[in-house]
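In the working numbering, the protein residues as written are 103 to 198.
Even glycine gets a Cβ: it sits at the ideal position worked out from N, Cα and C.
For clarity, every value in this text was computed on a predicted model and none was experimentally measured.
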Amino acid sequence: MIEAEARIATIESSKYLTRLAEAWVHTYPVRYDALTAEIQLPGGDLILTADGDSLSLRLVGKDRERFDATKESVATLVDRVAEHDTGVRCVWNDIS
Numbered sequence: 103m104i105e106a107e108a109r110i111a112t113i114e115s116s117k118y119l120t121r122l123a124e125a126w127v128h129t130y131p132v133r134y135d136a137l138t139a140e141i142q143l144p145g146g147d148l149i150l151t152a153d154g155d156s157l158s159l160r161l162v163g164k165d166r167e168r169f170d171a172t173k174e175s176v177a178t179l180v181d182r183v184a185e186h187d188t189g190v191r192c193v194w195n196d197i198s
């Protein structure tokens, strides 16, 4: 398994989680509420968790090439969703 995580400091975490989940709901299997989301993307399973001051993302996959492409597309979408929130950027940390 390949894993990476990102933690984004923002008081808008629930709003961003919802907007990210809704961006994929018509294309991929998605389950979400205001605090958690699970999205089955081509390069792995994405788990999002919102708390009072941050949005946590965890991506778990098997194929390195697809995983890396998915990390990049998730980061791009996060940056676009949060474009008006200065300093919010998705930076992945590889776990394995």
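For residue i, which of helix, strand or coil comes out of DSSP?
| i | result |
| --- | --- |
| E105 | strand |
| D153 | coil |
| Y118 | helix |
| A125 | helix |
| L143 | strand |
| T178 | helix |
To the nearest angstrom, report how far apart residue i and residue j are at their CA atoms.
| i | j | result |
| --- | --- | --- |
| R109 | V180 | 11 Å |
| D135 | K117 | 10 Å |
| R121 | A184 | 10 Å |
Starting from the C-beta of residue i, find all residues in its chain whose C-beta is less than 6 Å away, skip the five residues before and the five after it, and write them out in chain order.
| i | result |
| --- | --- |
| W126 | V132, I141 |
| S152 | Per the sequence shown, residue 152 should be read as Ala rather than Ser. Only S115, S116, L119, L137 meet the Cβ criterion. |
Short of 8 Å in beta carbon distance, which residues of its chain neighbour residue i, apart from the five on each side in sequence? Order them along the chain.
| i | result |
| --- | --- |
| S156 | R109, I110, A111, T112, S115 |
| A123 | V132, Y134, A139, I141, L150 |
| G146 | I104, L161, V162, G163, K164, R168, F169, T172 |
Run the CB neighbour count on residue i, radius 10 Å, all protein chains shown included, and call it buried at 16 or more, exposed below.
| i | result |
| --- | --- |
| V176 | buried |
| L89 | No answer is possible for residue 89: the residues shown for the chain start at 103 and end at 198. |
| L161 | buried |
| K164 | exposed |
Only counting the same chain, and skipping five residues up and downstream in sequence, which positions put a Cβ closer than 7 Å to that of residue i?
| i | result |
| --- | --- |
| V193 | A108 |
| I197 | E105, A106, E107 |
| R166 | I104 |
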